[in-house]
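Trainee: Every letter in the sequence shown is one number past the one before it in the numbering used here, and letter 136, counting from 1, is 456. For glycine and all other residues, C-beta sits at the position ideal for the given N, C-alpha and C. Before I ask anything, here is the structure I am working with.
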Amino acid sequence: MIEILNPAEIAKARVTGALVADILQAVKGRATVGTNLLEIDRWTAEMIDAAGAESCYVDYAPSFGRGPFGHYICTGVNDAVLHGLPRDYALADGDLLTLDLAVVKDGIAADAAISFLVGGSGPDESVAMIDATERALAAGIAAAGPNAKIGDVSYAIGRVLTDAGYPINRQFGGHGIGSTMHQDPHVPNMGRPGRGFKLRPGLMLALEPWIMADTAELVTDADGWTLRSATGCRTAHTEHTIAITEDGAEILTLPTGTRP
321 MIEILNPAEI
331 AKARVTGALV
341 ADILQAVKGR
351 ATVGTNLLEI
361 DRWTAEMIDA
371 AGAESCYVDY
381 APSFGRGPFG
391 HYICTGVNDA
401 VLHGLPRDYA
411 LADGDLLTLD
421 LAVVKDGIAA
431 DAAISFLVGG
441 SGPDESVAMI
451 DATERALAAG
461 IAAAGPNAKI
471 GDVSYAIGRV
481 LTDAGYPINR
491 QFGGHGIGST
501 MHQDPHVPNM
511 GRPGRGFKLR
521 PGLMLALEPW
531 IMADTAELVT
541 DADGWTLRSA
551 TGCRTAHTEH
561 TIAITEDGAE
571 ILTLPTGTRP
């Protein structure tokens, strides 16, 4: 299903998007050396509940997971890049932590992810990986607009990542989003310009460049959810939800007070 949202629904999406971004930034600010991933899940649940919203993850049970997910936020550490199931683990100095959060409020969902180094510093390679995903996301957003094709967005993302020297997994990427978290169209992190679905105003997309340092192959944890790099290398993941407008794309998952 591909949804085209009306202006009133896009206005609701701005509220949901800001909530997602605010929660991610709040958790980032509290996640220090010694913080347990289960604490992060609890904090997230409390903030979602206080906002009168719902996590898209608690009852999430797709064919590729061992569902339902049963938690409120995805927490990936170091080599865990996607669908990180919160577990009893205390963060260490220099860990690369990825937080991925999708929330629905007033019937409209938003999805975003951030990666950062616990304690504020870590290996230069980790800093470079995070930077590459952020630059790729910016390139994808710049390529999105009315009459652009999904392939244009995918190509822009993939070009940044491959130029930075990273292999790209094509199994998991971005996606449409609206009244539900995961919708068509699929947005791979590599593609051919001029191909695929034509974007139009009212379409919402979650764009999510993610990389692994030296492989494109994933392995699944025994928990049935957490996806890790096959080689044990570090990973990074950055995501925004955007809305296609008449003249470009609007980022919906910006923290309160930072929207242009």
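(1) Would you tell me roughly how many angstroms separate the C-alpha atoms of His403 and His391, rounded to the nearest one?
(2) Using 10 angstroms around the beta-carbon of Val480, count the other beta-carbons present and answer buried if the total reaches 16, otherwise exposed.
(3) Starting from Glu570, trace the beta strand (DSSP E) both ways and give me its first and last residue.
(4) Around the C-beta of Asp451, are 16 or more other C-beta atoms found within 10 angstroms, so that it is buried, or is it exposed?
(5) In the region 373 to 442, which residue ranges form an unbroken alpha helix (DSSP H) of at least 4 residues, counting only runs that do not cross its ends?
(6) For Pro406, which residues in the same chain have their Cβ closer than 6 Å to its Cβ, ignoring the five residues on either side in sequence?
(7) Out of curiosity, what's the CA-to-CA distance linking Arg386 and Ala458?
(8) Taking 8 Å as the threshold (C-beta atoms), are His557 and Ile571 in contact?
(9) Starting from Ser460, trace the alpha helix (DSSP H) in both directions and tell me its first and last residue.
(10) Grab the span of the alpha helix (DSSP H) containing Gln345 for me, first residue to last.
(11) Where does Gly354 land, buried or exposed, given buried means 16+ other C-beta within 10 angstroms?
(12) Is Gly471 helix, strand or coil by DSSP?
Mentor: Let me lay it out:
(1) 11 Å
(2) buried
(3) 569 to 571
(4) exposed
(5) none
(6) Leu357, Leu358, Asp361, His391, Thr395
(7) 33 Å
(8) no
(9) Residue identity check: residue 460 is Gly in the sequence provided, not Ser. Its alpha helix (DSSP H) spans residues 444 to 463.
(10) 327 to 350
(11) exposed
(12) helix
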